[in-house]
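Numbering of the sequence shown is given in our numbering, commencing with residue 381 and proceeding in unit increments.
Following: one structure in structure tokens, then a few remarks.
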Amino acid sequence: MKRKNSFAWAALVVFIFMTWIVFKPSQEEENFPERVKISLREVGNQLLLANQDSTSLVLPVVALNPSLYELSFERPLSITPNDIVGIVKTAFKKADLPEQYLIEVIQCEDQEVAYSYGILNHIEKDIIPCANRVLPENCFTIKAQFTGKPVPFISKQQLLGLLLILFFVLLILAFCDRFLVRFRESKKNNTSSQATAHSFIGMFAFYPEQNKLVKEAVEIGLSKKECELLAIFVAQPNQIIKRDELTKRVWEDNGVIVGRSLDTYISKLRKKLKEDTSIKITNVHGVGYKLEMDT
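Structure representation (structure tokens):
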């Protein structure tokens, strides 16, 4: 029972953990937009300082979608590709942002892309063109698009799948253990019931399932036939039971028809019951036998 309860409690803990995983977003999901906006404002500040501008404003960063953000400025500025690449890389690394992204410098007037580059977290695959060509002073906006996030050792979906499997395994173990315990208890009770089921014949306790008589804690063994005969007599005390009925029920059903065997077994029973004078098996001549006892 204790083991069954431990399986059930473990299943409950797993279920609560699964629910928590489903409904609670990860820390990265919770504050990712805020970290991006802070980081881009730092990028804007460093670009203005590179232009010797310490007074104009970096305008609010706008999230165009969960992976695309726009940075704009109060005044025109010039941009050197080398500067923006280094500034963005430093700011993003400090904010622990994904290392795969695209940066676009867009002209406010016609929304044309004045400069762009891509970082794929692999030096051979990074695309940084025209590194030394300065973009003349103009009104620019900068768009940062994140193209990938670090792949975790195990995804949220995989973790939920494993926990779901564990949950059902624990439930199965809990219920199987419960049924196994009930089966064992039922079997034990049946065995105990069979072991204790008996009736009294005078001073004797008769245990038909164990083929024995017990008198004052002394066991008297009975053969199978003796036990079957005595069970018939006990079921019909003080009644005449015909010879034909006894032979049919004890021998003939097993495919054997006897002659004097009945008298032999009756004689054996009389000897085993002789210590109690209040009971006796009497012969009714020409008819059968009767177990006489005080009731």
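Beta carbons are placed, not taken as given, at the ideal position from N, Cα and C, and that holds for glycine.
Query: Whole-angstrom distance between residue 579 and residue 592, CA atom to CA atom; Result: 11 Å
Query: Reduced DSSP secondary structure (H/G/I, E/B, other) of residue 436; Result: coil
Query: The region 616 to 625 / the region 595 to 608 touching (three or more Cβ pairs under 8 Å); Result: no
Query: Proximity below 8 Å, CB of residue 527 to CB of residue 481; Result: yes
Query: Bridge-paired residues (DSSP) for residue 671; Result: 661
Query: Backbone secondary structure at residue 541 - three-state DSSP; Result: helix
Query: Enclosing beta strand (DSSP E) for residue 666 [first to last residue]; Result: From DSSP, residue 666 is part of no beta strand (DSSP E); its letter is neither H nor E.
Query: Three-state class that DSSP yields for residue 676 in the structure shown; Result: The chain is shown only over 381 to 675; residue 676 falls outside these bounds and no answer can be derived.
Query: Cβ-based neighbour list, residue 439, same chain, cut-off 7 Å, excluding 5 preceding and 5 following; Result: 452, 453 and 454
Query: Given residue 658 as reference, the closest of 581, 668, 542 and 556 once Cα atoms are compared; Result: 581
Query: The region 483 to 495 touching the region 550 to 557, judged by at least three CB pairs closer than 8 Å; Result: no
Query: Nearest-angstrom beta carbon gap, residue 476 and residue 430 [assumed within contact, 8 Å]; Result: The pair is not a contact, with the Cβ atoms about 24 Å apart (cut-off 8 Å).
Query: Sheet register partners of residue 598 (DSSP bridge); Result: 595
Query: C-beta contact flag for residue 517 and residue 457 at 8 Å; Result: yes
Query: Per DSSP, cross-strand counterpart(s) of residue 484; Result: 496 and 523
Query: Spatial neighbours of residue 417 in its chain, beta-carbon cut-off 6 Å, leaving aside the 5 residues before and after; Result: 441
Query: Own chain partners of residue 376 with C-beta closer than 6 Å, once the 5 adjacent residues on each side are dropped; Result: The requested residue 376 is not part of the displayed model; the chain covers only 381 to 675.
Query: Distance between residue 541 and residue 508 (C-alpha atoms, nearest Å); Result: 41 Å
Query: Helix, strand or coil at residue 383 according to DSSP, with G and I counted as helix; Result: Reliability of the predicted coordinates at residue 383 is poor, the pLDDT of 49 falling under 50, and no value is obtained from them.
Query: Residue range of the unbroken beta strand (DSSP E) whose run includes residue 454; Result: Neither: residue 454 is in no beta strand (DSSP E) and is coded neither H nor E.
Query: Rounded C-alpha distance that separates residue 654 from residue 586; Result: 15 Å
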